[in-house]
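Heads up, the thing below is written out as structure tokens.
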Amino acid sequence: MSIPTANSFVRRRRSRLGDIALVVATGAATVLVLAVLAIIVIDVVRGGSQRLSWTFLSMAPSEGMTAGGVFPAIFGTVAMVILMTVAVVPAGVATAVYLHEYADAGSRLTRAIRIAVNNLAGVPSIVFGLFGLGFFVRFVGAGVDRAFFGGEKVFGQPALVWAALTMAVLTVPVVIVATEEALRSVPRELREASLALGATKFQTVLNVVLPQATPGILTGTILAISRGAGEVAPILFTGAAYYLPSLNWHPSSQFLHLGYHVYVLATQSPDVDASKPLLYSTVLVLLAVTFVLNFSAFVVRSRMRHRFTGAGT
Amino acid sequence: MEVPLRSSGQGDSLLSAKRRAHERVTAAARVGASNPARRLGKPAPRWHAVAEVAIRIMALSVIAAVLLIFAFVAKEALPLLFSKSIHQEVTLGKMFTAQAWPGYDSAEHIWQPVSEIPKYGIWPLILGTLKVSIVAMLVAVPLGVGAAVYVSQYASRRTREIVKPMIELLAGVPSVVLGFFALMVMASWFQSLLGLESRLNALVAGVALSFAVVPLIFTISEEALGAVPRSYIEASTALGAARWQTIVRVLVPAASPGIAAAVALGLGRAVGETMIVLMASGNAAITSASFVESVRTLSATIAAELAEVVFGGAHYTVLFFLGTVLFVTTFVINFLGDYAIGRMKKRLGVAA
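Chains as they are written, first to last, in this note's numbering: chain X, 167 to 479; chain R, 445 to 796.
Here it is in structure tokens:
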């Protein structure tokens with residue numbers, strides 16, 4: 167429209183330079199973040215894959231943790247995670263259902279619950295460890311002993327069940343957030359149709375809303391399991407053992423944990439160089455487990471997101 | 445009960461007809477829910493009522509959990525204030541002030557709980573936590589926010605669908621794995637690259653810590669940038685601003701409360717993170733300004749020392765006090781972060 171002046175050329179060039187600079191800077195940040203992930207994965211896979219074998223997965227550590235495998239740690243992690251899931255899923259789902267289906271969104275109580283959920287997610291994991299020791303082990307556990315075991319120390323010490331419950335408190339926000347997201351994606355019309363047919367609110371939640379929200383609950387559960395398998399600080403004082411001679415299912419026994427086993431091998435091993443290959447393979451197992459879990463959570467969630475597109479809301 | 449089936453919506457536009465139908469459905473539903481006599485079908489089993497109460501109790505127990513965490517951690521720390529026998533070894537005042545320890549020339553802050561004369565100076569630990577967190581934030585904020593700007597503004601849909609799950613995957617890496625990587629690999633790289641004296645130090649731990657913080661900052665910032673209404677961008681573009689000018693002068697300022705929240709929540713994570721610093725920081729409680737010397741953080745101190753203390757003793761009590769400090773600090777930081785998010789949502793008119 168107007169004749170380009172020198173000034174406008176300068177301005178346009180500057181703006182193009184600015185765009186290039188911003189793309190390069192922010193793109194570099196993105197690449198760097200992805201590179202970190204790639205470098206960690208490559209290093210762990212390269213260092214850990216040689217020793218990884220069926221024997222490694224199925225045998226106990228031996229010779230001062232310089233030989234053998236990680237089976238007891240896998241066993242203990244699975245046992246702890248099962249107990250944790252049994253506790254965390256009902257609690258998380260119930261809270262999400264309350265927040266989304268029952269609570270009055272603006273009320274003070276609802277706001278307080280939301281603040282509590284957010285802050286629970288932000289409490290440092292080591293504080294959960296202290297809490298587990300102070301509350302579950304020393305208060306609940308000692309109480310159980312006094313009531314049922316005549317004061318004999320059975321549950322009043324670090325144990326599988328206390329570690330699982332501590333981990334459940336830590337992971338409950340994950341389940342709540344994922345479930346609530348799923349509840350939000352269930353179209354309003356489904357609830358209204360159910361209510362119009364005469365179902366009570368609870369019948370609607372139980373028979374209509376929750377079945378539709380299953381993928382979200384599943385996502386939350388998987389993510390919680392992934393956290394539980396890798397988080398170490400909360401179980402340091404509530405049940406994880408340095409080494410155990412035998413496998414034990416009993417909730418009052420201690421257990422080996424994959425994440426804690428990595429920590430032990432990396433820092434407390436009597437011979438760090440000799441246990442290094444074992445350490446790498448253990449990290450590879452742990453990383454593979456968390457990646458598989460996180461990836462499947464991602465798949466479930468993206469399917470859920472696509473399901474209701476077009477169905478309103 | 446009066447049911448206003450016809451009383452609402454006398455207008456004859458399509459919209460109000462629709463609304464009327466909708467209100468009829470909800471009104472009927474309300475009748476069904478509250479008046480058993482008019483409900484169709486089988487009556488609800490009794491356990492439903494019990495389950496509804498249980499749901500309410502579960503929701504309340506989340507509040508209870510936060511209160512219990514504080515109560516039980518603080519309870520174990522309480523003797524530090526009131527117990528005479530513990531005061532013979534340590535008091536709150538002694539923890540925060542420099543003490544003239546035998547064998548030292550001047551009064552100093554020293555953390556040395558396991559020695560002939562236990563010393564509980566807390567400042568070296570606070571300093572260590574700060575140093576590691578500062579390094580982590582200096583790395584994580586530019587990376588996290590930068591990646592968020594790129595992904596939300598420049599990346600193609602396809603790129604976005606690859607990058608976002610990858611960063612979620614990074615968020616899923618257990619902190620003990622990051623600690624392992626820092627300890628076994630990064631520490632050696634840094635040492636040979638920078639010629640450092642101590643292999644494990646605040647710099648290594650801080651950089652490793654930033655890997656745990658970046659996904660958090662990225663996710664929240666990206667969400668905040670995405671929440672800025674399109675009209676802001678269109679208005680800026682219409683005024684002749686270049687893309688980068690729109691991003692730097694309009695988009696980022698509009699999303700700034702969200703980005704501030706991302707930084708706050710990231711800082712909360714950095715301050716409280718345990719396994720990475722426990723493994724990579726060297727764990728020496730040194731008071732110095734240098735970032736390449738070993739440090740000991742509050743969280744790592746608890747993790748490293750609690751297993752070996754006497755229940756109820758002075759050391760035990762002090763470690764729970766450190767836990768209380770961590771809890772309160774992160775609580776305040778997170779609360780401010782959530783407040784910022786809430787304000788941003790209100791300002792941009794996004795439903796919470």
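The C-beta atom is built at its ideal place from N, Cα and C for all residues, glycine as well.
Check: Proximity of Ser680 (chain R) and Ala656 (chain R) at Cβ, strictly below 8 Å; Outcome: no
Check: Proximity of Pro523 (chain R) and Ile513 (chain R) at Cβ, strictly below 8 Å; Outcome: no
Check: Paired residues, beta bridge with Lys563 (chain R) - DSSP; Outcome: R:Gln556
Check: Opposing strand residues paired with Pro523 (chain R) [DSSP bridges]; Outcome: Its beta-bridge partners do not exist; DSSP assigns none.
Check: Through-space distance from Val455 (chain X) to Arg469 (chain X), alpha-carbon basis; Outcome: 21 Å
Check: Extent of the continuous alpha helix (DSSP H) to which Thr731 (chain R) belongs; Outcome: Neither: Thr731 (chain R) is in no alpha helix (DSSP H) and is coded neither H nor E.
Check: Environment of Ala551 (chain R) [buried if 16+ CB atoms lie within 10 Å]; Outcome: exposed
Check: Test item: CB-CB of Val672 (chain R) and Leu653 (chain R) under 8 Å; Outcome: no
Check: Neighbour flag for Val635 (chain R) against chain X, beta carbons, 8 Å; Outcome: What sits at residue 635 (chain R) in the sequence shown is Gln, not Val. So no, Gln635 (chain R) is outside the interface.
Check: Cβ contact check for the region 252-260 of chain X and the region 488-503 of chain R: 3 or more pairs under 8 Å; Outcome: yes
Check: Where Ala686 (chain R) meets chain X, residues with beta-carbon distance less than 7 Å; Outcome: Ser181, Gly184 and Asp185
Check: Given Asp437 (chain X) as reference, the closest of X:Ala233, X:Leu198, X:Val211 and X:Val190 once Cα atoms are compared; Outcome: X:Ala233
Check: Rounded straight-line distance, which links the Cα of Pro609 (chain R) to that of Ile677 (chain R); Outcome: 26 Å
Check: Straight-line gap, Val576 (chain R) to Leu361 (chain X) (C-alpha atoms, nearest Å); Outcome: 55 Å
Check: Closer than 9 Å at the beta carbon, the chain X residues around Pro609 (chain R); Outcome: Asn460, Phe461, Phe464 and Ser468
Check: Spatially closest choice to Val517 (chain R) from R:Lys789, R:Ala748 and R:Val772, by CA coordinates; Outcome: R:Val772
Check: Per-residue burial, Thr221 (chain X) [other beta carbons within 10 Å of its own, 16 or more giving buried]; Outcome: exposed
Check: Ser636 (chain R) classed as buried or exposed, judged by whether at least 16 other C-beta atoms fall within 10 angstroms; Outcome: exposed
Check: Segment contact, 8 Å Cβ cut-off, at least three pairs: the region 437-454 of chain X with the region 323-343 of chain X; Outcome: no
Check: Chain R within 8 Å of Arg471 (chain X), Cβ atoms only; Outcome: no
Check: Same chain, Cβ closer than 6 Å to Trp804 (chain R), five either side skipped, listed in chain order; Outcome: Chain R is shown from 445 up to 796; residue 804 (chain R) falls before or after that span and cannot be answered.
Check: Residues that Leu453 (chain X) contacts on chain R, provided the C-beta gap is smaller than 9 Å; Outcome: Val617, Pro618 and Val621
Check: Beta carbon proximity, Pro557 (chain R) to chain X, threshold 8 Å; Outcome: no
Check: Closer than 8 Å to chain A by CB, Leu627 (chain R); Outcome: The displayed structure is made up of protein chains X and R, and chain A is not among them.
Check: Integer Cβ distance of Val254 (chain X) from Val338 (chain X), believed to fall under 8 Å; Outcome: 5 Å
Check: Under 8 Å between C-beta atoms of Phe432 (chain X) and Met628 (chain R); Outcome: One detail in the question is off: residue 432 (chain X) reads as Ala in this sequence, not Phe. Yes, the Cβ-Cβ distance between Ala432 (chain X) and Met628 (chain R) is below 8 Å.
Check: Local conformation of Phe625 (chain R) per DSSP, three classes; Outcome: helix
Check: Enclosing alpha helix (DSSP H) for Pro339 (chain X) [first to last residue]; Outcome: Leu326 to Ser351
Check: Listed by chain order, chain R residues near Ser419 (chain X) by CB distance under 9 Å; Outcome: The premise fails here: Ser419 (chain X) is roughly 18 Å from chain R at the closest Cβ pair, so nothing lies under 9 Å.
Check: Touch test, the region 585-594 of chain R against the region 187-198 of chain X, Cβ-Cβ under 8 Å, three pairs minimum; Outcome: yes
Check: For Gln543 (chain R), the three-state DSSP class (helix, strand or coil); Outcome: strand
Check: Buried/exposed call for Leu711 (chain R), threshold 16 Cβ in 10 Å; Outcome: buried
Check: For Phe421 (chain X), three-class secondary structure by DSSP; Outcome: strand
Check: Host alpha helix (DSSP H) of Pro238 (chain X) (start-end); Outcome: Phe237 to Val263
Check: Exposure of Ile240 (chain X), with buried meaning 16 or more beta-carbon neighbours within 10 Å; Outcome: buried
Check: C-beta neighbour in chain R for Thr456 (chain X), strict 8 Å; Outcome: yes
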